[in-house]
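Here the protein sequences come in this chain order: C and W. For the first sequence, the UniProt record's numbering assigns the number 357 to the last residue and increments by one with no breaks. For the second sequence, the UniProt record's numbering assigns the number 357 to the last residue and increments by one with no breaks.
Protein chains: 2
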Amino acid sequence: MAVKLSEVARQAGVSLATASRVLNGSARTPAADISHRVKAAAEELGYVANAQAQALARSTTGLVGLVVHDIADPYFSAIAHGVQETALHYRHQVLLAGTDIAGGAEPAESAELAAVNAFISYRTDAIILAASRLADEDPRLSRALGRYIENGGRVVALGATAIPGAQSLSLPNKEGAADLAGALLKQGHTRFAVLAGPLERNTARHRVEGFARALADAGVEPLAVVPGAFNSQGGFDATLECLDTLGITAVGRATGNHARSAPLCILAANDVMALGAMTALRSRGLRIPRDVQVAGFDDIPTLRDHSPGLTTYRLPLEHIGRLAAELALDPDGKHGNGMGGEVVLRESAGAARLEGA
Amino acid sequence: MAVKLSEVARQAGVSLATASRVLNGSARTPAADISHRVKAAAEELGYVANAQAQALARSTTGLVGLVVHDIADPYFSAIAHGVQETALHYRHQVLLAGTDIAGGAEPAESAELAAVNAFISYRTDAIILAASRLADEDPRLSRALGRYIENGGRVVALGATAIPGAQSLSLPNKEGAADLAGALLKQGHTRFAVLAGPLERNTARHRVEGFARALADAGVEPLAVVPGAFNSQGGFDATLECLDTLGITAVGRATGNHARSAPLCILAANDVMALGAMTALRSRGLRIPRDVQVAGFDDIPTLRDHSPGLTTYRLPLEHIGRLAAELALDPDGKHGNGMGGEVVLRESAGAARLEGA
DNA sequence: CATATATTGGAAAGCGCTTTCCAAACTTTG
DNA sequence: CAAAGTTTGGAAAGCGCTTTCCAATATATG
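Below is the structure:
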């Protein structure tokens with residue numbers, strides 16, 4: 001239906017080969033006058049190359065697949081933004097899939113497997129796995145990706161992965177969490193609760209391990225470790241559970257026993273959960289940071305407009321996205337595959353040195 | 001490189017045609033035993049259909065293009081989430097492009113035109129334009145999309161569009177803004193400032209028009225209308241400018257002339273700007289809603305965890321994404337193309353009835 | 001000026017599928 | 001049981017490009 005190269009060639013009075021060489025970047029460049037004629041014909045007819053046909057002929061698609069967990073989560077959308085940027089730079093289009101959406105082809109398939117299979121079917125030049133890896137990879141996923149890699153596909157995972165042949169961009173989840181907890185300890189905190197998120201996901205587990213290690217090193221035991229969903233609601237729910245378990249209430253605060261203990265410090269496995277936690281605290285009439293303190297992880301860009309500012313560990317998310325895409329798209333690029341971060345103390349926790357309990 | 005259908009066919013001892021019929025949904029279904037043999041062979045070899053080749057042969061790609069402004073903006077990521085959901089339901093993959101990223105093929109091309117051309121090149125079955133339309137459409141865009149539509153492509157734009165042949169999902173920007181301003185007037189507000197955003201974008205302009213109309217109907221004139229960028233920083237900057245122009249300072253408040261006028265109410269063209277505005281107010285030591293009030297537009301999901309709660313006009317963003325995708329992907333679907341919203345009063349503005357100035 | 005060497009445009013063979021015909025093998029029916 | 005109808009599998013023609021050869025022409029060399 002659309003105008004095709006053969007029509008352009010006919011209109012310009014040249015062969016298909018020549019037209020192709022003029023319009024779609026070949027090593028050989030036809031003479032100037034011919035070239036001009038072809039371009040004019042293409043312009044006049046409104047020719048747009050069929051990327052599918054080109055993909056078939058060139059056996060490279062110019063596509064890169066990105067699988068996130070939830071594109072509406074600022075963590076993933078920041079990464080996606082970075083991926084897009086670099087993809088554009090390498091003249092690639094990005095195919096997006098979210099694993100939080102049900103309904104793969106076969107019901108037994110996990111959403112991630114379905115997404116990866118779709119990408120493989122489209123023969124994307126590379127696949128970026130931004131959704132957190134599981135403690136146990138689905139063997140079907142590994143097999144599918146293994147074959148994909150053998151066939152020349154490139155796979156980049158965020159965080160260490162057991163998928164054979166995949167590159168991984170390591171994130172300082174454990175170290176960052178330890179640093180963050182360490183910084184808080186240094187500010188005098190001793191009473192911690194951890195909103196652990198989904199422990200089957202490496203991201204959550206590593207962060208929790210980092211928190212735990214730093215606390216253990218200081219001889220501190222967390223008062224509670226509550227697993228939950230990796231989103232705002234998860235943080236909210238886990239926080240309420242936590243408050244109930246520990247018997248923390250605003251009334252208790254209001255009736256103010258002056259010798260009361262130092263405020264609880266909630267360590268959330270990510271910022272989104274931390275924000276949910278703050279909402280839960282407010283719903284119970286608890287003040288932040290006075291009554292309870294909160295820290296997150298990631299430093300998602302939207303934190304900028306939250307008050308009180310959330311103490312967190314900064315990951316350069318957009319840059320991570322760019323780097324992942326570079327790793328995926330630049331076959332012989334020289335780039336480290338490590339990533340630095342830093343503790344960011346804001347008002348929500350550890351901003352002021354705590355007085356002794 | 002990857003295993004292809006012909007290999008599966010050979011392994012199963014059948015023809016290409018039969019293998020194709022078994023594996024890739026055809027009207028004709030080969031006999032059970034043959035079918036079983038083919039499936040076994042495919043499974044054993046790890047066959048994954050080449051979607052590019054299928055696209056070429058079937059002349060339909062199973063792709064839908066989504067162009068947003070900034071995928072990291074909660075407004076767009078919420079819409080993208082909805083689009084993805086419906087796309088998956090229709091067994092389509094989504095190709096994502098963001099117009100906030102520079103670097104199209106030709107420098108003269110706008111990012112949106114570049115994205116659309118890329119989608120057309122990939123022969124996506126449909127294109128969803130989520131980024132706000134401009135007051136004046138780029139004629140090259142209209143031409144390209146017009147041709148695309150003639151060739152059987154479907155185009156859905158969010159908000160009215162001048163692109164011939166495109167469907168549009170109309171959003172209650174003007175009405176919603178008028179309703180919101182009306183609700184605020186009803187609460188006793190009289191002193192308004194408008195953070196207008198980029199007036200060349202219909203979304204911003206329509207909302208500002210809605211605000212203006214409601215105010216005019218009540219005989220109120222806004223104290224300031226400040227254009228700016230459609231993001232947090234834009235809201236921040238515009239707010240500071242506004243405060244300086246109107247001479248509003250925390251000191252003025254602190255020195256408390258009791259007969260001072262009612263608090264200024266800032267109407268932002270969207271929530272993200274409103275959040276930036278609140279940050280700006282805080283940076284000047286102004287309290288919300290006591291000293292200055294703020295209202296936004298959209299009710300982005302992340303508002304959930306902001307405090308004070310932002311008064312806004314709710315647009316069902318995710319649903320809008322789903323509907324847009326449905327419009328794009330369901331050729332003979334029966335669905336309205338209008339969208340309702342509602343005023344949501346929270347603490348940031350109009351929550352309590354203002355006392356007379 | 002004849003021969004060797006670049007340069008250039010075109011014919012045709014794929015890239016991996018789908019789908020239209022066809023012919024062969026079965027079923028039905030009078 | 002023959003004639004007509006119905007399934008079923010396969011051969012082959014595309015889908016719209018790229019790219020390898022080739023042949024033809026233009027340029028450089030002794």
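A virtual CB, placed ideally from N, CA and C, is assigned to each residue, including glycine.
Item	Value
Helix, strand or coil: which one does DSSP assign to His258(W)?	The pLDDT assigned to His258(W) is 42, lower than 50, so where the model puts this residue is not dependable; a value taken from the coordinates is nonetheless given after this. Residue state, collapsed to three classes: coil.
Take Asn270(W) as the anchor and find which of Leu63(W), Pro30(W), Ser35(W), Phe211(W) has the nearest alpha-carbon.	Phe211(W)
Would you mind working out which of Gly62(W), Gln84(W), Thr312(W), Phe76(W) sits nearest His69(C), comparing C-alpha positions?	Gln84(W)
What runs of the beta strand (DSSP E), each 3 residues or longer, lie entirely inside the segment 57-134 of chain C?	63-68, 93-98, 126-129
For Arg205(W), which option in Thr312(W), Arg133(W), Thr239(W) has the closest C-alpha, if you only look at C-alpha atoms?	Arg133(W)
Are the beta-carbon atoms of Ser261(W) and Gly309(W) separated by less than 8 Å?	no
For Met278(C), which residues in chain W fall below 9 Å Cβ to Cβ?	Asp305, Ser307
So, at 7 Å on beta carbons, what are the nonlocal neighbours of Thr255(C) in its own chain, with the 5 sequence-adjacent residues on each side left out?	Because Thr255(C) sits at a pLDDT of 49, beneath the cut-off of 50, its placement in the model cannot be relied upon, and the following sentence gives the value as read from the coordinates. Result list for Thr255(C): empty, nothing under 7 Å.
Would you decide whether Ala259(C) is buried or exposed? Buried here means 16 or more other CB atoms lie within 10 Å of its CB.	Since pLDDT at Ala259(C) reaches only 43, below the 50 mark, its modelled position is unreliable, and no value is offered.
Give the interface partners of Asn117(W) over in chain C, defined as CB-CB distance under 7 Å, in chain order.	Val48
Would you identify the three-state DSSP class for Pro301(C), choosing helix, strand or coil?	helix
Whose CA, out of Thr60(W), Met273(W), Pro172(W), Ala183(W), lies closest to the CA of Asn202(W)?	Pro172(W)
In chain order, what residues of the same chain lie with their CB nearer than 7 Å to the CB of Asn257(W), ignoring the 5 residues before and after it?	Its pLDDT being 47, under 50, Asn257(W) is placed unreliably in this model, and the value from its coordinates should be taken loosely. Nothing listed; no residue qualifies.
For Thr61(C), return the contacting residues in chain W, with the cut-off set at a CB-CB distance below 7 Å.	Gln52
Which chain W residues sit within Cβ distance under 9 Å of Tyr75(C)?	Those do not exist, as Tyr75(C) stays about 10 Å from chain W at its closest Cβ, beyond 9 Å.
Among His189(W), Thr190(W), Val208(W), whose alpha-carbon lies nearest the alpha-carbon of Ala196(W)?	Val208(W)
Can you say whether His306(C) is buried or exposed, counting buried as having 16 or more other CB atoms within 10 angstroms of its CB?	buried
Measure the alpha-carbon distance for Ala53(C) versus Leu158(C) and round it to whole angstroms.	32 Å
At least one CB of chain C closer than 8 Å to the CB of Gly98(W): is that the case?	yes
Counting C-beta neighbours from all protein chains within 10 Å, is the total for Leu16(W) 16 or more, i.e. buried, or is it exposed?	exposed
Taking Cβ positions, are Met339(C) and Ser77(C) nearer each other than 8 Å?	no
Using a threshold of 8 Å, state whether the C-beta atoms of Asp298(C) and Leu281(C) are closer than that.	no
Within 10 angstroms of the Cβ of Ala178(C), are there 16 or more other Cβ atoms? Answer buried if so, exposed if not.	buried
Here's a check: name, in chain order, each residue in its chain whose Cβ is nearer than 6 Å to the Cβ of Gly75(C), leaving out the five neighbours to either side.	First, the amino acid is wrong: residue 75(C) is Tyr here, not Gly. Only Asp298, Ile300 meet the Cβ criterion.
I'd like the span of the alpha helix (DSSP H) that includes Ile320(W), first residue to last.	317-329
Specify, as a first and last residue, the run of the beta strand (DSSP E) that Gln11(W) falls within.	Per DSSP, Gln11(W) belongs to no beta strand (DSSP E); it is in the alpha helix (DSSP H), 5-12.
Going straight from the alpha carbon of Ala51(C) to that of Ala229(C), what length do you get?	40 Å
Hey, Gly165(W) and Gly146(W): beta-carbon distance below 8 Å or not?	yes
Would Gly152(W) count as contacting chain C if we go by Cβ distances under 8 Å?	yes
For Gly153(C) and Val3(W), I'd like the C-alpha separation in whole angstroms.	14 Å
Could you work out which residues of chain W lie near Val94(C), taking near to mean beta carbons separated by less than 9 Å?	Leu95, Leu96, Ala97
Look at the alpha carbon of His89(W) and the alpha carbon of Ile248(C), and state the distance between them as a whole number of angstroms.	45 Å
Going by CA-CA distance only, name the one from Val294(C), Cys265(C), Arg287(C) that's closest to Leu275(C).	Val294(C)
Please confirm whether Thr302(W) has its beta-carbon closer than 8 Å to some beta-carbon of chain C.	yes
Which word fits Pro289(C), buried or exposed, when buried means at least 16 other C-beta atoms lie within 10 angstroms of its C-beta?	buried
Please confirm if Val110(C) has its CB atom under 8 Å from at least one CB of chain W.	One point to set straight first is that residue 110(C) is Ser, not Val, in the sequence displayed. No, its Cβ sits nowhere closer than 8 Å to a Cβ of chain W.
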